[in-house]
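Asker: Under the working numbering, the residues of the sequence shown are numbered 1141 to 1412, in order.
Using N, Cα and C, we set each Cβ at its ideal position, and we do this for glycine too.
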Amino acid sequence: MLKIRSYVKVKSLAEAYEQNQKKTARVLGGTVWLKMSSQTISTAIDLSGLGLDTVQETEEEFVIGCMTSLRDLETNERLNAYTHGAMKECLRHIVGVQFRNCATVGGSIFGRYGFSDVLTIFLAMDTEVELYSAGRIPLAEFVNMKKDRDILVNVIVKKSPLLISYLSQRNSKTDFPVLTCAAALVDGEPRTVIGARPGRAVIVEDKKEIIKNFSEMTNKKRAQAILDFAEYASGNVCVGGNMRASREYRALLVKVLTKRAWETVGGMNNEN
């Protein structure tokens, strides 16, 4: 059972940061996972009065407040246009609309959960997080940092030229994903992310530069590069087994989803 000894609806980020320095304090997001835990929180910190529940767009970036619900991301027309529908595809499978109306992007990103669809797609884009104390940090760096007492304020997506595809495999609708995969060309540079391994999402390093010049390849070379890279990813992404899938099955899914995602990015869906 979750027990909360005191609740504070803060009036500023400075107050939230100060309150959060206690080891037993906790910043509240949508509390959809937190309420299922068994722990005692000395001070529950509510950020809902700070106006951090909006998606703001400038010419250079999307600034997504930490209290923005997953449902608001799912239905944001400009963000979905930028991601060619991948953002909606990523979010629509997460439990149900009622759940997504409560769950927040800040909770999903700061939690760095191994099963997170959200972390997978944001890692595939040119994304930074804005922390109250540490400032702006690339998400690829933040995801591997040790958890601390800082406050996640915004998730920032730079509007680099983008082609992106998102895929996931689930045993049943609304269940946690067995594996997630995002493939993207970010300003022409390829990026592949695999999540729900069942560990947290990782960027696949193309050390052999198999798809380095993907956008410049002919269709024939691109098709072969996709096959080669899918095989490479399957052999180089660390996966494990749990109650949802075996290690062997996940390794196979890495190959299949990577291939399909890159075929979508390359506009080759109808050629295979």
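1) Measuring CB to CB, does V1283 end up less than 7 angstroms from R1252?
2) Between the C-alpha atoms of K1352 and V1295, what's the straight-line distance to the nearest angstrom?
3) List the whole-angstrom C-beta distance separating V1235 from I1249, where the pair is believed to meet the contact cut-off of C-beta under 8 angstroms.
4) Can you confirm whether the stretch 1302-1316 touches the stretch 1221-1233 when touching is taken to mean that 3 or more C-beta pairs between the two stretches lie within less than 8 angstroms?
5) Quick check on this structure: which residue in A1385, A1274, V1342 has the alpha carbon closest to the alpha carbon of G1254?
6) Ordered along the chain, which non-local residues of its own chain (more than five positions away) have a Cβ less than 7 angstroms from that of L1279?
7) Between V1172 and the rest of its own chain, which residues show a CB-CB distance below 7 angstroms, the 5 nearest in sequence each way excluded?
8) Once you ignore the five residues that flank I1277 on each side, which residues in its own chain have a CB closer than 6 angstroms to its CB?
9) Quick one: what does DSSP say R1202 is sitting in, helix, strand or coil?
10) Spatial neighbours of L1153 within its chain, please: CB distance less than 7 angstroms, with the 5 preceding and 5 following residues excluded, ordered by chain position.
11) Anyone know if the C-beta pair for T1180 and K1143 falls short of 7 angstroms?
12) Rounded to whole angstroms, what's the CA-CA distance from K1151 to L1187? Just pull it up for me.
13) Quick check on this structure: which residue in V1195, S1308, Y1372 has the alpha carbon closest to the alpha carbon of T1208?
14) Using only CA atoms, which one of I1350, R1362, P1338 lies nearest to F1448?
15) Identify the continuous beta strand (DSSP E) that holds R1276 and give its terminal residues.
16) CB-CB under 8 angstroms to K1175, same chain, minus the five flanking residues each way: which ones, in chain order?
17) Judging by CA-CA distance, which residue of G1406, Q1159, V1237 is the nearest neighbour of E1356?
18) For N1376 and Y1147, what's the separation of their Cα atoms in angstroms?
19) In chain order, what residues of the same chain have a beta carbon less than 8 angstroms from the beta carbon of K1162, not counting five sequence neighbours either side?
20) From S1177 to T1215, what distance separates their C-alpha atoms?
21) T1404 to T1164, Cα distance in whole Å?
Answerer: According to the structure data:
1) yes
2) 27 angstroms
3) Actually they do not touch by this definition, with Cβ atoms about 17 angstroms apart.
4) yes
5) V1342
6) F1262, L1263, T1267, E1268, V1269
7) F1239, C1242, A1243
8) V1269
9) In the sequence under discussion, the amino acid at residue 1202 is Phe, which differs from the Arg named in the question. In the structure shown, F1202 sits in a strand (DSSP, three-state: E or B).
10) L1190, Y1272, I1291, V1293
11) yes
12) Straight-line spacing of the CA atoms in K1151 and L1187 works out to 8 angstroms.
13) V1195
14) Only positions 1141 to 1412 of the chain appear in the structure, and residue 1448 is not among them; the question remains open.
15) 1275-1278
16) L1142
17) G1406
18) 45 angstroms
19) S1182, T1183
20) 29 angstroms
21) Roughly 45 angstroms separates the two Cα atoms.
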